[in-house]
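Here is the structure we will look at, set down as structure tokens.
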Amino acid sequence: MPLSFRISLAVLAATPAAAVFVTQPCPLYDQNYPAPTSLATSKHIEAAAESVRQQLLAARNQTTAYGPLDTDTTAFSVDFYSLDDEASLFTYHFTPAQLLSQRTAGVKEVDSDTIYRIGSVSKLWTVYLYLIAAGDQSWNDPITKHVPELEEISKTQKLDSATNVDWESITVGALASHLAGIGRDPTHAAALTKVFEALNIPSQSGASRSTCGDPALVTLPCNRSQFFADFPTQHPVVASYETPVYSNAGFQILGHALENITGQPMHEIFNENLVGSLNLTSTSYSPPTTPDTSIIPYNASISWWFADLIDLTPAGGYFSTTNDMRKVGKAMLGSAQLAPAVTRRWMKPHSFLSNPDAAAGAPWEIYRAPGDPYMMMMTKAGDLGMYSGYVILIPELKVGFTVLSAGESATDNTRILADILVDTFVPSVREAARSEVAGIYAGAFSDEATGSNITLVSEDDQLGLRVEEWSFGGQNVLSLLEQLKGANTSARLYYTGLETESSNGTVSAWRAVYQTSTRTVGPGPLSPICDSWFTVDALTYGGVGLDEFLITTVEGKAVSIEPRVLGIAMSRNVEDS
């Protein structure tokens, strides 16, 4: 039963008296079981891939469950991969004949090496570059420390919170996570300017248009001097850290801060830390020198393929392919360029959104994984001109998705394709993980010398490993736990992600969550129903938690399990091997 449903029941049944609930398994958030390592040969993934393929073929003639997919004027490429598999697990490319017939440059057919603009997915890469090149030590620094122009403005501007941005209160991290409270774009919108001028509405700032940029573009990019002449005159939206407000301008400022910290221009930071380090063969900071390997809907002008975003490039100007984006995604998932602790800090929510199933990060757009209330998808979407991109990473499963589209319906197509991919593949990856857990860890283990044994069971409809039987020296440990808790008690083991290599094999750490079969819970909104995080390591003996377990695996099979508080390693029974 989903947590949200249990809470709803609590609300409906609310009375002055406490209510009794049948306890459902309550895992630690994100801590379920090891990520699967054999997806390339998984029957679950094979079936999911065929399902996606059939959905995409059917979409050419009928509306999908997620909306109509434009297969007339929009090309697209999709890619699904895992950290542990060298090659992609699923790729699909489509080039509509109608779009092809009107092309004036670029490729005739898209593939994994076709260059697309990736729009605001660039923001994700910019923050990644910041963490690689500068770390997160400066995350809480005021931005005025790293951008001299803002320091000067902060010293001279009038104190007026409704009119002037308080730059001293805005940190590097606030900019990276859309919590700076500043305006969205660095300049005036050219299209809106035309409408207002036609209505003879004067500009309230006294200027009819931005001082920079290409008027052919809807939003005018600025170089550094023009940006700081224009943008600081815009009013704040909210105070910093009040609520997330999406800002392209914030990432231009973030780029300037990184340049100041490293002493390098952004294009050099990009080429050194991404293109060079990851051997990206078709990725660039600026428009490619030739259009030959790019998808260009209609022409380079109307599609925005040619548009150089100048200093706004860190917000949305990068170019890449599904092959290269897979390399970047795997580097993120595997902490190839960051310390694992930095990656974990980065892949966390920074604030909540109006959507109760979503959160905002730096600059992650975070959503619940389908069918699993305890797992989140770290995503970033982006649009620019006739281009759209989507990156989805699920760290717990070590898988990622890339969707790129180009054409008249690029934005809609990208969202629909992303929905098809995650709704089909993610449950299949979870099933593959469950199958691997059952095959590797489930079974009976014992130690003849002490008369101890434990049996672990993997269940299709639940997370973790259920402790079906556990005895030590002839004593039923679960019964002893029931005496401590005063009620029937179950135990379920959850993987912690902590592993080490030893001479005996790979040793992984697991924690048990001990739950009573029924609980008395108050009717109020603060009465906890799923609160396992409070109880981890609550019972200790000699400094060792009663919930600590070590499992040793050799060649993909658990050979022993040790409840650490007992100090006894129980070996897998021969008949269960």
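As numbered in mature numbering (1 follows the signal peptide of the UniProt record, and there is no 0), residues -19 to -1, 1 to 558 make up the sequence shown, in order.
A virtual CB, placed ideally from N, CA and C, is assigned to each residue, including glycine.
Note that the coordinates shown come from a computational prediction; the quantities given were computed from them, not determined experimentally.
In three-state terms, what does DSSP make of D289? Reading the sequence shown from its first residue, position 308 is the one you call residue 289. In the structure shown, D289 sits in coil (DSSP, three-state: anything other than H, G, I, E or B).
According to DSSP, which residues form a beta bridge with R447? Along the sequence shown, read from residue 1 onward, the residue named residue 447 stands at position 466. DSSP output for R447 lists V438 and R473 as bridge partner(s).
Contacts around A312, its chain only, beta-carbon distance under 7 angstroms, and the 5 residues preceding and following it disregarded: Walking along the sequence shown from the start, residue 312 turns up at place 331. So the list reads L259 and Q318, once near-sequence residues are dropped.
What does F530 pair with, by DSSP beta-bridge criteria? Numbered from 1 along the sequence shown, position 549 holds the residue referred to as residue 530. F530 is bridged to W491 and P544.
Out of S460, E556 and Y522, which has the shortest C-alpha to C-alpha gap to V546? In the sequence shown, counting from the first residue as 1, residue 546 sits at position 565. Ranking S460, E556 and Y522 by Cα distance to V546 puts Y522 first.
Taking buried to mean at least 16 other C-beta atoms within 10 Å of its own C-beta, is G162 buried or exposed? Here residue 162 refers to the residue found at position 181 of the sequence shown. By the neighbour-count rule (16 or more Cβ atoms within 10 Å), G162 is buried.
Roughly how many whole angstroms lie between the Cα atoms of I397 and G310? The residue you call residue 397 lines up with position 416 of the sequence shown. The residue you call residue 310 lines up with position 329 of the sequence shown. Near 21 angstroms, if we compare the C-alpha coordinates of G310 and I397.
By the 10 Å Cβ neighbour count, where 16 or more other Cβ atoms means buried, how is P49 classified, buried or exposed? Along the sequence shown, read from residue 1 onward, the residue named residue 49 stands at position 68. Counting Cβ neighbours within 10 Å, P49 comes out exposed, since fewer than 16 surround it.
Closer than 8 angstroms is the cut-off here; do at least three beta carbon pairs connect the segment 245 to 265 with the segment 53 to 68? no
Kindly indicate which residue of G87, N252, T533 and G537 has the alpha-carbon position closest to the one of E480. Mapped onto the sequence shown, residue 480 falls at position 499. Closest by alpha carbon: T533.
List the DSSP bridge partners of M357. Within the sequence shown, residue 357 is the residue found at index 376, counting from 1. Answer by DSSP bridge pairing, in chain order: R349.
Measure the CB-CB distance between A86 and D166 and report whether it falls below 8 angstroms. Indexing the sequence shown from 1 puts residue 86 at position 105. Indexing the sequence shown from 1 puts residue 166 at position 185. Contact flag unset, no.
For Q43, name the three-state secondary structure that DSSP assigns. For the purposes of this step, residue 43 is identified with residue 62 of the sequence shown, where counting begins at 1. Correct three-state label for Q43: coil.
Quick one: complete alpha helix (DSSP H) runs, 4+ long, within the segment 293 to 354? 294 to 297, 303 to 314 and 321 to 327
Buried or exposed for S189, please, with buried defined as at least 16 other CB atoms from any protein chain shown within 10 angstroms of its CB. In the sequence shown, the residue the question calls residue 189 occupies position 208. Bear in mind that a pLDDT of 48 at S189, under 50, signals an unreliable position, so the number given afterwards is only what the model happens to contain. That one is exposed.
Hey, quick one: how far does the alpha helix (DSSP H) through residue 566 stretch, first residue to last? Past the boundaries of the shown model lies residue 566; the chain is included only from -19 to 558, so the question cannot be answered.
Can you tell me which of G524, N485, S93 and V102 puts its alpha carbon nearest to the alpha carbon of P295? Walking along the sequence shown from the start, residue 295 turns up at place 314. Considering only alpha carbons, the answer is V102.
Using the rule of at least 16 other Cβ atoms within 10 Å of the residue's Cβ for burial, across every protein chain shown, is N336 buried or exposed? The residue given as residue 336 occupies position 355 in the sequence shown. Its Cβ having fewer than 16 others within 10 Å, N336 is exposed.
Since G100 and S369 should fall inside the 8 angstroms C-beta cutoff, what is the C-beta to C-beta distance between them, to a whole number of angstroms? By one-based count along the sequence shown, residue 100 stands at place 119. By one-based count along the sequence shown, residue 369 stands at place 388. With 8 angstroms as the limit, G100 and S369 qualify as a contact, their Cβ atoms being about 6 angstroms apart.
Kindly indicate which residue of D66, L462, F232 and E178 has the alpha-carbon position closest to the one of Y109. Sequence index remark: in the sequence shown, residue 109 carries index 128 (1-based). Ranking D66, L462, F232 and E178 by Cα distance to Y109 puts F232 first.
Would you mind stating whether G486 and V540 have Cβ atoms separated by less than 8 angstroms? Start at 1 with the first residue of the sequence shown, and residue 486 comes out as number 505. Start at 1 with the first residue of the sequence shown, and residue 540 comes out as number 559. Yes.
For the alpha helix (DSSP H) that R165 lies in, which residues bound it at each end? As a working note, residue 165 is residue 184 in the sequence shown. R165 -> no alpha helix (DSSP H), and no H or E assigned at all.
What did DSSP end up calling T72 once you bin it into helix, strand or coil? What you label residue 72 is simply residue 91 of the sequence shown in a count that begins at 1. Three-state DSSP puts T72 in a strand.
Nonlocal neighbours in the same chain, by C-beta distance under 8 angstroms from M358, ignoring five residues either side: Stepping through the sequence shown from its first residue, residue 358 is reached at position 377. Result list for M358: I347, Y348, R349, A350, I373, L374, I375, V403 and V407, in chain order.
C-beta atoms of H216 and T144 nearer than 8 angstroms: The sequence position of residue 216 within the sequence shown is 235, counting from 1. The sequence position of residue 144 within the sequence shown is 163, counting from 1. Against a cut-off of 8 angstroms, the Cβ pair of T144 and H216 comes out as a contact.
Span of the alpha helix (DSSP H), counted from its first residue to its last, around I134: Numbered from 1 along the sequence shown, position 153 holds the residue referred to as residue 134. Per DSSP, I134 belongs to the alpha helix (DSSP H) from P129 to T137.
Quick check on DSSP: helix, strand or coil for Q496? Along the sequence shown, read from residue 1 onward, the residue named residue 496 stands at position 515. In this structure, Q496 counts as strand in the three-state DSSP scheme.
Whose C-alpha, out of Y279, T302 and I134, is nearest the C-alpha of L81? Against the sequence shown, residue 81 aligns to sequence position 100. Looking at the Cα atoms, Y279 is the closest of the given residues.
Leaving out the 5 sequence neighbours to the left and right, which residues in its chain are closer than 6 angstroms to D518 when beta-carbon positions are compared? As a first step, residue 518 is located in the sequence shown; it is residue number 537 there, counting from the start. G526, listed in sequence order.
Just mark N181 as buried or exposed, buried being the case when its beta carbon has 16 or more other beta carbons within 10 Å. The count along the sequence shown starts at 1 and reaches residue 181 at position 200. Exposed.
Kindly indicate the opening and closing residues of the beta strand (DSSP E) around R553. Here residue 553 refers to the residue found at position 572 when the sequence shown is read from its first residue. Per DSSP, R553 belongs to the beta strand (DSSP E) from M551 to R553.
Cα separation between D122 and A210? The residue given as residue 122 occupies position 141 in the sequence shown. The residue given as residue 210 occupies position 229 in the sequence shown. Rounded to the nearest angstrom, the two C-alpha atoms are 23 angstroms apart.
Name, in chain order, the residues that DSSP records as bridge partners for S58. Taking the sequence shown and counting its residues from 1, the one referred to as residue 58 is at position 77. Answer is H74 and L385, bridged to S58.
Name the DSSP beta bridge partners of Y14, please? Here the question's residue 14 lines up with position 33 in the sequence shown. Note: Y14 sits in no beta bridge, so no partner.
Taking only the alpha-carbon atoms, compute the straight-line gap between V256 and F530 and give it to the nearest angstrom. As a first step, residue 256 must be located in the sequence shown, where it is residue number 275. As a first step, residue 530 must be located in the sequence shown, where it is residue number 549. Their backbone Cα atoms lie some 42 angstroms apart in a straight line.
Separation of R98 from W286, as counted between CA atoms: What you label residue 286 is simply residue 305 of the sequence shown in a count that begins at 1. What you label residue 98 is simply residue 117 of the sequence shown in a count that begins at 1. One C-alpha to the other measures close to 7 angstroms.
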